[in-house]
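Numbering of the sequence shown is given in my numbering, commencing with residue 1138 and proceeding in unit increments.
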Amino acid sequence: MHQTDNNPYCSKNVLVTGAAGYIGLSLVRRLAQSGAILRLVDLPDKKPDTPAHETLCFDIRDASHLADAARGMDFIFHLAGQTSHFVANDNPLDDLGLNVTPAIVLLEAARKSSRGARIVFASTATVVGPKAAMPVDENAHEAPATVYDIHKLAVEKYLDFYSKHHGVPSCALRLANVYGFGFSTPGKDRGVLNKMAVRAVRGEPLLVFGNGGWIRDYIHHDDVVEAFMCAGTASGIFNVCTGTGTRFVDAVAMVAEEAGRVTGRKPEIIFQKNHKLSAIDERSYTGDPAALQAATQWRPRITLEEGIRRLVLEATDIRP
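So this is what it looks like as structure tokens:
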């Protein structure tokens, strides 16, 4: 298994929620390669194309079905949920039902299990809020600025509670800015660099709101999938990032340059400086990946330069 000496998943029962999603579908394929016995959960209209594994199609708000799906599992990768900050802010109760309650259902199932199921949860780097001092480590003060981040942090706290009081082992991965094309696409409000790459190879202008000076820690999709693979042997909260910050406008310029090299026409970058941005959009973030590196053998392997080269090349295959 890539990046680990031991394979904890071979012949183990593994549940993946959000199995047809941006990270989920790629993770499922890696777990299948490791010899895991997979049970996959997603919505009926997002049924993962993995015929060799047990697939259950239902809404994760169905607590009875979700609890049944979690029974007998050795590992639970919980990736399902609502991913838009804007939708969460507009519909906090709906977001609670999608992003918090299902996690509690899974924790209860793990608590009652005789197999000692380990839970790996997809959290977010934005739980620390827009003003954290960089580089941000896992001890940074949490100051969530959106309902989405509040709910992600709430699940982290539930994981900690169940670990301390019920002995349920768990790991929460705080994902930085993920980019790169997997076997599925990110949510509508996610994957800005992916969208930029598609526009760039079409020859369309690249729009930058404000001055684009905020800093992001861009991590490639493939490195994130490997972080999940390694997380099955870790406990606690971990950043999944590169430790390298890049101004958004510079990342966009890299996409434009690479698209120009590949297609022969470099797209124009247009600044819309009067566009109002939220504090979470204008935040700067560079994370510290040292904790996950110390706990596992995971390392981010794909540089931003190499990642954007792949991104643009893949975008040429999906442009209309």
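Beta carbons are placed, not taken as given, at the ideal position from N, Cα and C, and that holds for glycine.
Close CB contacts of His1358 within its chain, under the 8 Å cut and outside five residues either way in sequence, are with Tyr1159, Ile1160, Ser1163, Val1315, Tyr1316, Gly1317, Phe1318 and Gly1319 (chain order).
The C-beta separation of Val1153 from Leu1243 comes to about 12 Å, leaving the pair out of contact by the 8 Å criterion. When the Cα atoms are used, Glu1395 and Ile1445 turn out to be separated by approximately 8 Å. Beta-bridge analysis with DSSP links His1288 to no other residue. Contact annotation: Cys1194 and Asp1211 have beta-carbon atoms that are not nearer than 8 Å. Between Asp1232 and His1288 the beta-carbon gap is near 6 Å, inside 8 Å, which marks them as a contact. Contact annotation: the segment 1238-1252 does not touch the segment 1402-1410, with fewer than three C-beta pairs closer than 8 Å.
The beta carbon of Phe1375 lies closer than 6 Å to those of Leu1310, Ala1428 and Leu1429 in the same chain, with the five residues before and after it left out. Taking a cut-off of 8 Å on C-beta distances, the segment 1410-1426 touches the segment 1268-1287, as three or more cross pairs fall below it.
Contact check for Lys1268 against Ala1280 passes: the beta carbons are separated by less than 8 Å. In this structure, Thr1381 places its C-beta atom within 8 Å of the C-beta atom of Asp1354.
For Glu1293, the secondary structure class from DSSP, reduced to helix, strand or coil, is helix. Taking C-beta separations shorter than 8 Å and ignoring five residues to either side along the sequence, the partners of Val1345 in its chain run Phe1385, Val1386, Val1389, Ile1406, Ile1407, Phe1408 and Gln1409, following chain order.
Annotated three-state conformation of His1215 is strand, per DSSP. Closest in alpha carbon position to Tyr1146, among Thr1453, Phe1365, Val1264 and His1303, is Phe1365. Rounded to whole angstroms, Thr1192 and Leu1168 show a C-alpha spacing of 14 Å.
In the structure shown, the three-state DSSP call for Leu1243 is helix.
The alpha carbon of Asp1454 has as its nearest neighbour, out of Val1335, Asn1143, Ser1415 and Thr1370, the alpha carbon of Val1335. Note on Ser1260: 16 or more other CB atoms within 10 angstroms of its CB, so buried under the neighbour-count rule.
According to DSSP, Asn1150 shares a beta bridge with Ile1174.
Judged by DSSP secondary structure, Phe1318 falls outside any beta strand (DSSP E); it is assigned neither H nor E.
Counting the other CB atoms within 10 Å of its CB gives His1222 a total of 16 or more, which places it among the buried residues. By the C-beta density criterion, Lys1149 is buried, having at least 16 other C-beta atoms within 10 angstroms. Ser1300 sits in a helix when the DSSP states are folded into three classes. Restricted to the segment 1370-1416, the beta strand (DSSP E) segments that are unbroken, complete and at least 3 residues in length are 1373-1377 and 1406-1409, listed in chain order.
Under the three-state reduction of DSSP, Ser1260 is assigned to strand. DSSP lists Leu1177 as the beta-bridge partner residues of Thr1192.
For Asn1143, the number of other beta carbons within 10 angstroms of its own is below 16, and it is reported as exposed. For the pair Val1292 and Val1362, the CB atoms are not nearer than the 8 Å cut-off.
Taking Val1264 as reference, the option from Glu1245, Val1284 and Ala1246 with the minimal CA-CA separation is Val1284. Closest option to Ile1213, judged by alpha-carbon separation, among Val1329, Arg1176 and Val1338: Arg1176.
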